[in-house]
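Asks:
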Amino acid sequence: GPKVLQIPSHQIIDMGQMVTLNCDPVSNHLYFYWYKQILGQQMEFLVNFYNGKVMEKSKLFKDQFSVERPDGSYFTLKIQPTALEDSAVYFCASSLQGNNQAPLFGEGTRLSVL
Amino acid sequence: GQQVQQSPASLVLQEGENAELQCNFSSTATRLQWFYQRPGGSLVSLLSNPSGTKHTGRLTSTTVTKERRGSLHISSSQITDSGTYLCAMERSTNTGKLTFGDGTVLTVKP
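Sequence lines, in order, name chains A and B. Residue numbers for the first sequence follow the numbering used here, so the first one is 162 and each next one is one higher. Residue numbers for the second sequence follow the numbering used here, so the first one is 836 and each next one is one higher.
1. Can you name, in chain order, every residue of its own chain whose Cβ lies under 7 Å from the Cβ of A:Ala244, other than the five neighbours on each side?
2. What are the boundary residues of the beta strand (DSSP E) that A:Lys218 is part of?
3. Please state whether DSSP places B:Gly887 in a helix, a strand or coil.
4. Only counting runs of 4 or more residues, tell me where the alpha helix (DSSP H) segments fall wholly within the region 224–254 of chain A, in order along the chain.
5. Buried or exposed: which applies to B:Arg866, given that a residue is buried once 16 or more other Cβ atoms fall within 10 Å of its Cβ?
6. Counting only Cβ pairs nearer than 7 Å, list the residues of chain A close to B:Lys901.
7. Of all the CB atoms in chain B, is at least one closer than 7 Å to the CB of A:Asn212?
8. Can you tell me where the beta strand (DSSP E) with A:Glu268 in it begins and where it stops?
9. Between the Cα of B:Arg937 and the Cα atoms of A:Ser234, A:Met204, A:Ser188, A:Gly213, which residue gives the shortest distance?
10. Between A:Ala117 and the rest of its own chain, which residues show a CB-CB distance below 7 Å, the 5 nearest in sequence each way excluded?
11. Could you pull out every residue in the same chain whose Cβ sits closer than 7 Å to the Cβ of A:Gln241, ignoring the five residues on either side in sequence?
12. Quick check: the Cα distance between A:Glu268 and A:Ser255, rounded to an integer number of angstroms?
See the structure below:
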């Protein structure tokens with residue numbers, strides 16, 4: 162079946178560096194999401210994206226975060242600069258509709274900020 | 836306070852027993868969605884319904900929106916059912932944003 166692919170599966174970087182997490186959503190999906198899950202804690206919404214724009218973002222989506230999907234390629238989450246508290250698993254998800262439809266989640270990218 | 840609360844936090848069953856997972860939410864929700872999170876972390880969508888009861892295989896999801904509660908029933912549990920079950924609430928914002936609970940960790944023993 163269709164899958165959301167996330168690259169890489171694990172990223173290790175030094176605090177203060179920039180990191181870009183890549184997501185390849187399902188090809189005909191229109192809504193894209195990032196969620197953050199710190200180890201052993203709750204899955205938390207970061208941001209959603211539709212028609213080239215951010216629709217809604219949470220307070221976890223700090224000024225250092227940005228998302229884009231240039232020309233239908235990867236949907237990316239960029240963090241610049243990174244902080245220790247950014248260490249978490251970041252899940253990308255996509256859906257065809259904006260509501261009333263369970264999004265399809267990727268396997269996650271584990272980000273370790275040292 | 837937490838918008839989505841799940842209970843119990845953990846549950847241990849013998850293979851073949853049934854499980855009842857609860858989800859309570861504090862805000863008006865248009866839909867509850869249940870996910871299974873594998874030990875490796877990835878999420879699988881199980882059931883999604885705005886209200887009433889929905890079945891798939893050994894799973895039954897019941898949502899009573901006006902009472903702000905829902906449940907997931909797993910019948911005849913199997914060892915492979917072990918993992919974390921997440922309840923997520925969707926509100927009528929048309930953005931698809933989900934608010935998750937902390938999850939119920941299910942362990943099924945042989």
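Every residue, glycine too, gets a C-beta built ideally from N, C-alpha and C.
Replies: Judging by the given coordinates:
1. Met176, Val274
2. 214–218
3. strand
4. none
5. By the 10 Å Cβ count, B:Arg866 comes out buried.
6. Those within 7 Å of B:Lys901 in chain A number zero; the least Cβ separation is about 18 Å.
7. no
8. Here A:Glu268 belongs to no beta strand (DSSP E), and DSSP marks it neither H nor E.
9. The question names Arg, but residue 937 of chain B is Asp in the sequence shown. When only C-alpha atoms are compared, the closest one is A:Met204.
10. In this structure chain A extends from 162 to 275, so residue 117 of chain A is not present and cannot be described.
11. Met179, Gln225, listed in sequence order.
12. Rounded to whole angstroms, the separation of the alpha carbons of A:Ser255 and A:Glu268 is 12 Å.
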